[in-house]
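Numbering of the sequence shown is given in my numbering, commencing with residue 352 and proceeding in unit increments.
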Amino acid sequence: MNVIDESGILAISTRLQRLADTIRKDGVLIYKANNIDFEPKWFPVIYTLHFKPVLSVVEIANEIGYTHPSTISLLKELEKEKLIRSKKDKADERKRLVQLTTKGQDLVEQMKPVWKIIEAATAQLIDTQNNLMKAITEVEEQISEQSFFARAQRLKAAK
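Below, the structure written as structure tokens:
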């Protein structure tokens, strides 16, 4: 056991990041093993546009829960890969509408069976006594009620 593991809940962010990195790295390997050139970080945008074919940048950011700058950075990368395209909204020139390209749509079709495999492998991983997805949902609900920062400030003031 290392210092981070021994630190308990103090290092929760580090441990969650480490877990996410491990899953992401294996995700790359899963896609490669299935002859798919895909970065897991692209998943939220590609998956969202698969179900909601035309969205503005702000709508995508809201759907995936990323900041506007992070979303723009991801969209630039996907546009460079020719997986998405964007155009100005005719109704509002300031808005950019984003959609999958034919290449992006073909990639989704290629990935669908792999997503089923990933989903099954993930289900096995989280099928524990304290189901990780349920726990994450509970923590997200707690944060939406009161942020981590607000809780810390409240505890500090109570001292």
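Don't be surprised by glycine CBs; every beta carbon is placed ideally from N, CA and C.
Check	Outcome
Gln450 vs Pro395 beta-carbon contact at 9 Å	no
Test item: CB-CB of Thr452 and Arg436 under 9 Å	yes
Reduced DSSP category for Lys463 - H, G, I as helix; E, B as strand; rest coil	helix
Residue span of the alpha helix (DSSP H) that contains Val405, given as start and end	First-last for Val405: undefined, no H or E at that position.
Residue environment, Ile411, which counts as buried when at least 16 other CB atoms sit within 10 Å	buried
Spatially closest choice to Thr399 from Ala384, Asp388, Gly416, by CA coordinates	Gly416
Local Cβ density within 10 Å of Phe389, reported as buried at 16 or more and exposed below that	buried
Own chain residues within Cβ distance below 6 Å of Tyr382, not counting five before or after	Phe389
At least 3 beta-carbon pairs within less than 8 Å: the stretch 476-493 vs the stretch 426-436	no
Three-way DSSP call (helix, strand, coil) for Ser519 in this model	Given that the chain is displayed from residue 352 to residue 510, the structure contains no residue 519 and the question cannot be resolved.
Leu451: first and last residue of the uninterrupted alpha helix (DSSP H) it sits in	Looking at the DSSP string, Leu451 is not in any alpha helix (DSSP H); the run it does join, the beta strand (DSSP E), is 447-451.
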